[in-house]
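Residue numbers for the sequence shown follow this note's numbering, so the first one is 4 and each next one is one higher. Ideal Cβ placement from N, Cα and C applies to all residues, glycine included. Let me begin by presenting the structure, written as structure tokens, before commenting on it.
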Amino acid sequence: MSQPYYVKASAPVARFNSLVGILARRGVSLFGSAELSVPGRKSGRTQRVPVNPFKHDGRQYLISARGHSQWSLNMRAAGGGELRVGRRTRPFVAVELPDAEKVAVLRGYLKRWGWEVGGYFAGVTAKSSDAEILAVAPDHPVFVISTDS
């Protein structure tokens with residue numbers, strides 16, 4: 004059985020992501036970034052990672068550009084988490100989208116963030132056909148998030 008798609012961050016990317024996370028904790032959001040906190044599915048300990056929340060058609064999404072990452076696996080198990088920028092925290096619930104519903108969201112995400120994450124999408128861009136985007140959709144978990152009430 005093959006392993007789910009996942010691209011481990013290179014050392015420079017990991018350092019940059021760490022810096023983005025530190026800045027988000029201190030209230031500085033780079034291009035809309037935030038720090039995601041989600042409980043670990045095995046340990047239960049809170050895991051923190053910088054993310055780029057993405058708005059599309061009035062809804063907010065979290066997309067795992069590098070594939071089936073630890074945070075996406077934890078999100079699946081937890082069903083929600085918290086976004087933080089400085090002292091502002093926002094708890095949310097998350098529902099994973101089925102692949103067939105990801106095309107428009109992934110296209111918009113690639114249009115907005117392709118300069119940063121395009122290398123993780125096997126040559127697919129915002130200008131790719133629906134069929135090409137649908138072909139990579141299983142490799143990129145997409146969660147629609149909504150604020151806890």
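(request) Could you check if residue 58 is buried or exposed, using at least 16 other CB atoms within 10 Å of its CB as the buried criterion? (result) Here residue 58 refers to the residue found at position 55 of the sequence shown. Answer is exposed; the Cβ neighbour count stays below 16.
(request) Use the C-beta contact count for residue 74: other C-beta atoms within 10 angstroms, 16 or more gives buried, fewer gives exposed. (result) Position 71 of the sequence shown, counted from the first residue, corresponds to residue 74. So residue 74 counts as buried.
(request) Spell out the partners DSSP gives residue 9 in its beta bridges. (result) The residue given as residue 9 occupies position 6 in the sequence shown. Beta-bridge pairing links residue 9 to 70.
(request) Identify which residue in 138, 93, 135, 103 has its Cα closest to the Cα of residue 56. (result) Reading the sequence shown from its first residue, position 53 is the one you call residue 56. Nearest C-alpha to residue 56: 93.
(request) With DSSP collapsed to three states, give me the class of residue 48. (result) By 1-based counting over the sequence shown, the position of residue 48 is 45. Residue state, collapsed to three classes: coil.
(request) Rounded to whole angstroms, what's the CA-CA distance from residue 44 to residue 80? Just pull it up for me. (result) Position 41 of the sequence shown, counting from 1, holds the residue named residue 44. Position 77 of the sequence shown, counting from 1, holds the residue named residue 80. Approximately 6 Å, taken between the alpha carbons.
(request) Starting from residue 84, follow its DSSP beta bridges and name the residues at the other end. (result) Locating residue 84 in the sequence shown gives position 81, counting from the first residue. Residue pairing of residue 84 in beta bridges, as defined by DSSP: 95.
(message) Using only the alpha-carbon positions, how far apart do residue 37 and residue 22 sit?
(response) One-based indexing of the sequence shown puts residue 37 at position 34. One-based indexing of the sequence shown puts residue 22 at position 19. In a straight line, the C-alpha of residue 37 is about 12 Å away from that of residue 22.
(message) I'd like to check one pair, residue 77 with residue 127: are the Cβ atoms closer than 7 Å?
(response) Counted from its first residue, the sequence shown places residue 127 at position 124. Counted from its first residue, the sequence shown places residue 77 at position 74. In this structure, residue 127 keeps its C-beta atom at 7 Å or more from the C-beta atom of residue 77.
(request) Have a look at residue 50 and residue 132 and give me their C-alpha separation to the nearest angstrom. (result) Position 47 of the sequence shown holds residue 50. Position 129 of the sequence shown holds residue 132. Between residue 50 and residue 132, the C-alpha separation is close to 35 Å.
(request) Kindly indicate which three-state DSSP category residue 29 falls into: helix, strand or coil? (result) If you number the sequence shown from 1, residue 29 lands on position 26. Coil.
(request) Please name the residue or residues paired with residue 114 in a DSSP beta bridge. (result) As a working note, residue 114 is residue 111 in the sequence shown. Looking at the DSSP assignment, residue 114 forms no beta bridge with any residue, so it has no partner.
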